[in-house]
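Colleague:
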Amino acid sequence: MFVSRLFGVFDYFSLIIRGGLCSLFYRLSLFLLLGGFLSLRLPYVYGMGGFVLFIFFIVCPLFCGLFFSRVLDGGLSCFVSCFVPMGTPLWIAPFVCLAETLSYIVRPGVLMMRPFVNLSAGALGGYALGLLSMFSYWVVMFLVVLFFYEIFVAVVHWFIVYSILSFSEDH
Numbered sequence: 167m168f169v170s171r172l173f174g175v176f177d178y179f180s181l182i183i184r185g186g187l188c189s190l191f192y193r194l195s196l197f198l199l200l201g202g203f204l205s206l207r208l209p210y211v212y213g214m215g216g217f218v219l220f221i222f223f224i225v226c227p228l229f230c231g232l233f234f235s236r237v238l239d240g241g242l243s244c245f246v247s248c249f250v251p252m253g254t255p256l257w258i259a260p261f262v263c264l265a266e267t268l269s270y271i272v273r274p275g276v277l278m279m280r281p282f283v284n285l286s287a288g289a290l291g292g293y294a295l296g297l298l299s300m301f302s303y304w305v306v307m308f309l310v311v312l313f314f315y316e317i318f319v320a321v322v323h324w325f326i327v328y329s330i331l332s333f334s335e336d337h
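Residue numbers (my numbering): 167 to 337.
(1) Given a cut-off of 7 Å on the beta-carbon distance, is the pair L331 and L228 in contact?
(2) Looking at V306: is its Cβ nearer than 7 Å to the Cβ of S299?
(3) Nearest-angstrom Cα distance between L200 and W257?
(4) Using only the alpha-carbon positions, how far apart do G241 and W304 sit?
(5) How many angstroms separate the CA atom of F301 from the CA atom of G288?
(6) Could you check the C-alpha separation between F234 and F245 for me, to the nearest Å?
(7) How about V225 and M278: are their beta carbons less than 7 Å apart?
(8) Counting only the same chain and skipping the five closest in sequence on each side, list residues whose C-beta sits under 6 Å from that of E266.
(9) Could you give the distance in angstroms between the alpha-carbon of L187 and the alpha-carbon of V327?
(10) DSSP state of L187, grouped into three classes?
(11) Counting along the chain, where does the alpha helix (DSSP H) carrying L285 start and finish?
(12) Around the C-beta of P255, are 16 or more other C-beta atoms found within 10 angstroms, so that it is buried, or is it exposed?
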């Protein structure tokens, strides 16, 4: 069992070395994004302007980096050809290409807007309920449950951003 764990650690570090500095930077950026999402759950840390800047300066460079790496590695024609999947009927191919292009253009905005709206609503709702905690112990118990729910929501949003970015890398 120890040998398999040791091999797993070796395999992880060899993957980082083979992936180079770009892979390490990508993983570090995703870890910072997860930390940023989870830090919103700490009391008196949340600020809307700071969170918008945080999301913009983490998610936008990740998406743009993936975009430019795909365009520079495979060329522009290979990048555009990925918008029409294999086996698409010829008569519907222009519409599929248009829909995929719009999807690719809208994707960074969705990546930045969805976590902002949901995590902001949770933080502000928790703050509003926290003001009621002076009146009842039930509200305090509900706030504890809400805290763990918001942690779950933050992790889910991090996974959504990770999944969309990994989909953008492949597609």
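We put the CB at the ideal spot given by N, CA and C, even for glycine.
Modeller: Considering the structure as presented:
(1) Along the sequence shown, read from residue 1 onward, the residue named residue 331 stands at position 165. Along the sequence shown, read from residue 1 onward, the residue named residue 228 stands at position 62. Yes. Within cutoff.
(2) Within the sequence shown, the letter at position 140 stands for residue 306. Within the sequence shown, the letter at position 133 stands for residue 299. Yes. Within cutoff.
(3) For the purposes of this step, residue 200 is identified with residue 34 of the sequence shown, where counting begins at 1. For the purposes of this step, residue 257 is identified with residue 91 of the sequence shown, where counting begins at 1. When rounded, the distance between both Cα atoms is 43 Å.
(4) Locating residue 241 in the sequence shown gives position 75, counting from the first residue. Locating residue 304 in the sequence shown gives position 138, counting from the first residue. G241 and W304: Cα-Cα distance of roughly 60 Å.
(5) Numbered from its first residue, the sequence shown carries residue 301 at position 135. Numbered from its first residue, the sequence shown carries residue 288 at position 122. Distance between the alpha carbons of F301 and G288: 21 Å.
(6) As a position in the sequence shown, residue 234 is number 68, starting the count at 1. As a position in the sequence shown, residue 245 is number 79, starting the count at 1. Cα-Cα distance, rounded: 10 Å.
(7) Reading the sequence shown from its first residue, position 59 is the one you call residue 225. Reading the sequence shown from its first residue, position 112 is the one you call residue 278. Yes.
(8) Within the sequence shown, residue 266 is the residue found at index 100, counting from 1. F249.
(9) The count along the sequence shown starts at 1 and reaches residue 187 at position 21. The count along the sequence shown starts at 1 and reaches residue 327 at position 161. Because L187 sits at a pLDDT of 49, beneath the cut-off of 50, its placement in the model cannot be relied upon, and the following sentence gives the value as read from the coordinates. When rounded, the distance between both Cα atoms is 21 Å.
(10) Stepping through the sequence shown from its first residue, residue 187 is reached at position 21. Confidence at L187 is low in this model, with a pLDDT of 49, below 50, so its placement is unreliable and the value that follows should be read with caution. The answer is helix: DSSP assigns L187 an H, G or I state.
(11) Numbered from its first residue, the sequence shown carries residue 285 at position 119. Taken as a continuous stretch (DSSP letters only), the alpha helix (DSSP H) holding L285 covers 259-297.
(12) Residue 255 sits at position 89 when you count from the first residue of the sequence shown. When all chains shown are included, P255 counts as exposed.
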